[in-house]
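Those sequence lines, one after another, are chains V and A.
The first sequence lines up with residues 57 to 397 when you count with the working numbering.
The second sequence lines up with residues 208 to 755 when you count with the working numbering.
Data block below; observations after.
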Amino acid sequence: MATSTHVLQKNSVSRVMLLVLACLIPGILTYAWQFGWGIVINLVWASILALSLEALALRLRNFPIKPFLSDGSAIVTAWLLALSLPPLAPWWLTLVGMIFAIGVAKHLYGGLGQNIFNPAMVGFAVLIISFPAQMTQWSAPLAIAGHHLGFVESLAVIFGGGLPDGVALDAIVSATPLDTVRTGLMQQHTLGEIHSYSHIFGSLGGVGNEWVAAAYLAGGLTLWALRIISWHVPVAFLLGIWLTAGFLHWGDAGRYAAPWFQIAAPSAMLGAFFIATDPVSGSTTPIGRLIFGLAAGFLTVIIRVFGGYPDGVAFSILLMNLCVPLIDAYTQPRVFGEPRK
Amino acid sequence: MRELHRFPGGVHPSEHKAESSSRPIHEAFIPRKLVVPVRQHIGQPAKPVVELGDRVLKGQMIAEADGYVSTAIHAPSSGIISEIGLAKVPHPSGLPDLCISIETDGKDEWIAHEGVDWRIMEAAALRGYVRDMGLAGLGGAVFPSSIKLDPAGGPAIHTLILNGGECEPWITCDDRLMQERAEEILEGARIMQHLLGAQTLLAGIEDNKQEAIAAMRTAAEKLGLDIDITSMPTLYPGGGGKQITKTLTGLDTPSGGRTTDVGVQVFNVGTAYALARAILHGEPLISRIVTVTGHVLRPQNFEVLIGTQMSELVMHAGDREAMTGIIMGGPMMGFDVPNLDAPVVKSTNCVLAKSEETFPPRPREMPCIRCTQCVSVCPAVLQPQELYWFARARNFGKAQEYHLFDCIECGCCSYVCPSHIPLVDYYRFAKSEIWAREKEKRSSDIARERHEFHLFRIEREKKEKAARLAAKAQTKKTEAPTLAPEEQDAKKKLIAEALARAQAKKASITPKNTDGLPEEKKTEIAEIEARRAKIREVAKQPVEPEKH
Chain V
57 MATSTHVLQK
67 NSVSRVMLLV
77 LACLIPGILT
87 YAWQFGWGIV
97 INLVWASILA
107 LSLEALALRL
117 RNFPIKPFLS
127 DGSAIVTAWL
137 LALSLPPLAP
147 WWLTLVGMIF
157 AIGVAKHLYG
167 GLGQNIFNPA
177 MVGFAVLIIS
187 FPAQMTQWSA
197 PLAIAGHHLG
207 FVESLAVIFG
217 GGLPDGVALD
227 AIVSATPLDT
237 VRTGLMQQHT
247 LGEIHSYSHI
257 FGSLGGVGNE
267 WVAAAYLAGG
277 LTLWALRIIS
287 WHVPVAFLLG
297 IWLTAGFLHW
307 GDAGRYAAPW
317 FQIAAPSAML
327 GAFFIATDPV
337 SGSTTPIGRL
347 IFGLAAGFLT
357 VIIRVFGGYP
367 DGVAFSILLM
377 NLCVPLIDAY
387 TQPRVFGEPR
397 K
Chain A
208 MRELHRFPGG
218 VHPSEHKAES
228 SSRPIHEAFI
238 PRKLVVPVRQ
248 HIGQPAKPVV
258 ELGDRVLKGQ
268 MIAEADGYVS
278 TAIHAPSSGI
288 ISEIGLAKVP
298 HPSGLPDLCI
308 SIETDGKDEW
318 IAHEGVDWRI
328 MEAAALRGYV
338 RDMGLAGLGG
348 AVFPSSIKLD
358 PAGGPAIHTL
368 ILNGGECEPW
378 ITCDDRLMQE
388 RAEEILEGAR
398 IMQHLLGAQT
408 LLAGIEDNKQ
418 EAIAAMRTAA
428 EKLGLDIDIT
438 SMPTLYPGGG
448 GKQITKTLTG
458 LDTPSGGRTT
468 DVGVQVFNVG
478 TAYALARAIL
488 HGEPLISRIV
498 TVTGHVLRPQ
508 NFEVLIGTQM
518 SELVMHAGDR
528 EAMTGIIMGG
538 PMMGFDVPNL
548 DAPVVKSTNC
558 VLAKSEETFP
568 PRPREMPCIR
578 CTQCVSVCPA
588 VLQPQELYWF
598 ARARNFGKAQ
608 EYHLFDCIEC
618 GCCSYVCPSH
628 IPLVDYYRFA
638 KSEIWAREKE
648 KRSSDIARER
658 HEFHLFRIER
668 EKKEKAARLA
678 AKAQTKKTEA
688 PTLAPEEQDA
698 KKKLIAEALA
708 RAQAKKASIT
718 PKNTDGLPEE
728 KKTEIAEIEA
738 RRAKIREVAK
748 QPVEPEKH
């Protein structure tokens with residue numbers, strides 16, 4: 057005897073997920089424009105894997121397949137993971153990542169709405185710990201690459217067909233700007249020296265990369281304008297990065313990259329608007345979201361600068377996912393008519 | 208122009224007011240049978256005062272108010288009492304309740320009635336009169352009006368708000384009433400203001416009812432009544448008691464409290480009208496305006512006799528093929544009426560006929576994704592997604608800690624939920640579970656107290672017996688001084704020991720101020736305590752803010 061409202065706003069989980077996907081499209085197009093076909097192939101492959109794994113998991117758990125498969129959440133996970141992997145990542149790398157994302161992080165925890173951790177980031181974390189070599193072979197931006205892979209060539213690289221004749225690996229892959237900085241600093245170079253010998257840097261971040269970051273930003277702002285996400289997490293996350301990086305940079309500009317460089321990495325923008333804002337694994341209170349974002353931003357820079365991995369977005373968000381129940385419990389907003397403390 | 212304040216949250220569903228608002232109120236028709244429930248208000252059900260086979264006149268009291276939180280019930284038309292027993296009532300549970308059925312004779316013969324002079328009548332007597340006229344809040348909460356008009360025991364009421372918000376979609380009964388009978392509404396408001404001693408009189412009407420606003424303003428001018436009639440932005444649930452108070456006065460009703468805590472009393476315009484009819488003309492509450500709309504041929508407002516079966520009412524508005532059911536109330540807070548021939552009661556503001564097309568079944572419920580869209584529309588600034596989890600997990604303590612009882616069940620959360628979760632159902636479930644547990648706890652507390660008192664009495668009787676025996680022995684001793692000194696000592700020792708035991712036992716029992724009272728007195732006190740507990744229980748029953 058349901059007595060809740062007899063009318064519903066035109067809204068559904070699928071709609072929310074589809075809007076998230078739609079807002080990722082500018083970033084994806086820019087990515088493909090700057091880095092070639094790899095990312096497109098990767099996204100399609102990851103989506104196929106996500107839907108298959110989701111269907112399998114739903115079947116094993118005796119859940120109705122159609123409503124849950126069409127909610128779009130698996131595709132969102134697939135896209136977020138694919139966008140976090142090197143665009144020419146081998147097919148099996150994506151497969152392993154998706155198994156951990158959909159199978160472990162999502163369904164072993166109870167499926168849609170129950171996952172403590174962001175599934176895509178769990179997949180990413182497993183891969184970067186287990187396969188560091190493959191995870192650091194990023195496509196070189198087309199602007200500086202020695203060879204532009206065509207669609208079929210990219211397909212061949214991803215699915216184990218090897219490189220086209222006469223093309224060396226060096227011609228198509230390179231380290232990311234963040235990784236270049238890390239390696240350079242470990243070799244006792246100063247930031248100025250690194251910038252002078254590497255061609256990977258653009259005006260703010262990396263060549264090509266900074267455009268991808270800008271496109272993510274545009275998509276993220278649209279997501280906010282559509283009220284799918286609140287401003288709290290992205291603003292706090294970027295502010296956390298900016299303040300932490302700024303503090304370090306101000307202390308020693310030769311060793312610590314500038315805050316705008318940290319923010320212009322696509323991972324920062326993707327993290328700020330699309331990953332840290334994941335409602336299921338994030339905080340739900342306004343103050344909680346600010347704390348979540350600030351701390352994740354802080355940890356991102358700390359892991360990038362002092363940690364052993366080329367990027368820190370995934371780990372910082374996973375660490376903060378862990379803190380969400382505690383944050384939420386202590387940041388409950390004042391209800392209507394409750395006296396100010 | 209009054210400065211308006213924005214209450215938190217709120218939604219704006221399609222209004223659907225035009226369907227029924229253009230036609231005038233259709234006069235009451237007399238059905239052949241009226242089924243009048245004795246429980247139409249919050250509090251104690253009324254006690255029947257008629258017998259099977261009695262002839263009753265229109266307006267004659269057929270059930271009297273039972274206690275303070277109660278109100279009387281009257282015959283809506285003349286006829287013969289044909290049944291007093293369980294019958295279908297409009298309640299989501301579908302359970303029957305005690306009803307008095309009247310076989311009407313079509314004469315519609317009134318009982319002798321006339322108004323009272325409220326200006327000279329003593330306030331308490333006037334409130335008693337209001338109670339005997341069967342008045343209860345017509346906005347939907349049906350709280351006995353006599354209690355709401357009693358300012359004693361609470362903070363002074365400085366402002367009386369006449370609630371013409373009518374924020375629920377589809378419903379237009381208050382709109383039409385204000386358009387057609389504004390003067391009587393204001394007459395009623397004047398009496399309410401008099402009883403409450405409120406300095407300020409306000410009226411709030413949503414801006415989608417411009418004709419009503421104009422009619423009310425004209426009437427106020429004609430009566431020379433000092434009332435500020437304000438057009439409020441249309442935003443659901445702007446007609447909620449706490450919300451209209453915030454909008455018009457800027458005052459925040461304390462969490463867990465009522466608007467009277469900030470000196471504001473809110474009455475629905477329909478209640479004010481009914482009060483005017485009762486006091487100025489002596490007409491008890493036997494009919495009300497009901498919007499009949501949705502999947503009917505002629506959506507319209509009807510003046511309906513209480514007890515008229517809903518199915519009959521729908522027929523009057525022109526029933527259509529493929530009706531899938533009836534909602535009593537609006538689409539946001541109303542409920543599916545399990546039996547279409549359930550009667551119209553005092554809280555029936557709308558009978559909304561459903562069809563597959565206008566009210567499709569709720570889509571499949573998906574898991575909560577914590578998107579917090581519910582948070583952004585909650586007028587109480589609650590965390591509906593957390594309350595949902597606590598209710599699901601039956602973690603009722605936590606639910607209360609997260610202010611479950613500040614939920615006004617407006618349904619904004621379930622309206623926006625992308626997962627289509629019937630959230631309000633979960634909150635209602637949690638609330639009723641908590642009430643049930645508290646009831647249980649209170650009755651077990653009473654039982655425990657009784658048991659403790661029983662043990663205490665046994666102990667005291669033992670002690671008294673020991674003392675009596677000791678005293679007896681003492682007299683024996685004086686009578687028989689021949690007892691050997693050793694024997695005497697042994698006896699004394701025994702007595703002393705018995706006394707010490709009794710003393711120790713007495714000390715182990717919590718002392719009560721009932722000590723030393725005669726037995727009858729104590730039982731009487733226990734009985735009084737039990738009655739008090741019962742009253743407390745009744746008083747603790749939920750009072751939802753008046754809506755619309």
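For each residue, glycine too, the CB sits at the ideal point set by N, CA and C.
Source: prediction; values computed, not measured.
Kindly indicate which three-state DSSP category residue i falls into: helix, strand or coil?
i, result
"Tyr336 of chain A", "helix"
"Asn265 of chain V", "helix"
"Pro718 of chain A", "Interpretation of Pro718 of chain A is limited by its pLDDT of 49, a score under 50 that renders its predicted location unreliable; no figure is taken from the coordinates."
"Thr730 of chain A", "helix"
"Gly411 of chain A", "strand"
"Tyr443 of chain A", "strand"
"Lys314 of chain A", "coil"
"His658 of chain A", "helix"
"Ala270 of chain A", "strand"
"His281 of chain A", "strand"
"Asp632 of chain A", "helix"
"Arg71 of chain V", "helix"
"Glu329 of chain A", "coil"
"Asn98 of chain V", "helix"
"Lys265 of chain A", "strand"
Once the 5 residues before and after residue i are set aside, which same chain residues still bring their CB inside 7 Å of it?
i, result
"Gln267 of chain A", "His281, Ala282, Ile318"
"Gly341 of chain A", "Thr278, Ala279, Ile280, His281, Pro491, Leu492"
"Val132 of chain V", "Met73, Val76, Leu77"
"Cys578 of chain A", "Pro625"
"Tyr165 of chain V", "Asn171, Ile172"
"Ala199 of chain V", "Val263, Gly264"
Once the 5 residues before and after residue i are set aside, which same chain residues still bring their CB inside 6 Å of it?
i, result
"Leu350 of chain V", "Ala292, Gly296"
"Lys670 of chain A", "Ala709"
"His298 of chain A", "none"
"Asp304 of chain A", "Pro244, Arg246, Val296"
"Val369 of chain V", "Ser323, Gly327, Thr356"
"Gly94 of chain V", "Pro143, Leu144, Ser195, Ser210"
Am I right that residue i and residue j are in contact with their C-beta atoms under 8 Å? What's the rounded C-beta distance?
i, j, result
"Val63 of chain V", "Pro538 of chain A", "4 Å"
"Val245 of chain A", "Pro238 of chain A", "No, Val245 of chain A and Pro238 of chain A are not in contact; Cβ-Cβ is about 19 Å, not under 8 Å."
"Ala483 of chain A", "Gly395 of chain A", "4 Å"
"Phe180 of chain V", "Ser140 of chain V", "5 Å"
"Val558 of chain A", "Val497 of chain A", "6 Å"
"Ala352 of chain V", "Met376 of chain V", "5 Å"
Suppose the cutoff is 8 Å on Cβ atoms and the five residues either side in sequence are ignored; what does the same chain contact list for residue i look like?
i, result
"Ala235 of chain A", "Ser494, Phe509, Glu510, Val511, Leu512"
For this session: Scan the region 564–581 of chain A for residues whose Cβ lies nearer than 8 Å to a Cβ of chain V and list them as they occur along the chain.
Result: Phe566, Arg569, Pro570, Arg571, Met573, Pro574, Cys575, Ile576, Arg577, Cys578, Thr579, Gln580
For this session: Could you please tell me which residues of the region 362–395 of chain V, in chain order, have their CB closer than 8 Å to any CB of chain A?
Result: Asp384, Gln388, Pro389, Arg390, Val391, Phe392, Gly393, Glu394, Pro395
Exercise. What are the complete alpha helix (DSSP H) segments, minimum 4 residues, inside the region 352–418 of chain A?
Worked result: 352–355, 380–403
Problem set entry | Ranges of the alpha helix (DSSP H) found wholly within the region 104–144 of chain V, counting only runs of at least 4 | 121–125, 129–140
Problem set entry | Proximal residues, the region 67–99 of chain V versus chain A, C-beta separation under 7 Å | Asn67, Ser68, Val69, Arg71, Val72
Exercise. Of the residues that make up the region 167–191 of chain V, which ones have a beta carbon closer than 8 Å to any beta carbon in chain A?
Worked result: Gly167, Leu168, Gly169, Gln170
For this session: For the region 263–340 of chain V, list the alpha helix (DSSP H) runs that are entirely contained and at least 4 residues long, ordered along the chain.
Result: 265–281, 288–307, 315–319, 322–326
For this session: Could you name the residues of the region 532–558 of chain A whose beta carbon sits closer than 9 Å to any beta carbon of chain V, in the order they occur along the chain?
Result: Ile534, Gly537, Pro538, Met539, Met540, Gly541, Phe542, Asp543, Pro545
Problem set entry | Where the region 618–630 of chain A meets chain V: residues whose CB sits under 9 Å from a CB there | Gly618, Cys619, Cys620, Ser621, Tyr622, Val623, Cys624, Pro625, Ser626, His627, Ile628, Pro629, Leu630
Problem set entry | Near-chain V residues of the region 586–604 of chain A - C-beta to any C-beta below 9 Å | Pro586, Ala587, Val588, Leu589, Gln590, Gln592, Glu593
Exercise. What residues from the region 310–337 of chain V come within 7 Å of chain A, judged by C-beta to C-beta, listed N to C?
Worked result: Pro335, Val336
Problem set entry | Residues within the region 631–660 of chain A neighbouring chain V, beta-carbon criterion of under 7 Å | Val631, Asp632, Arg635
Exercise. In the region 536–609 of chain A, which residue ranges form an unbroken beta strand (DSSP E) of at least 3 residues, counting only runs that do not cross its ends?
Worked result: 557–562
Problem set entry | Segments of 4+ residues assigned as alpha helix (DSSP H) that fall wholly inside the region 482–538 of chain A | 517–523
Exercise. Along the region 102–118 of chain V, what residues have a CB closer than 8 Å to any CB found in chain A?
Worked result: none
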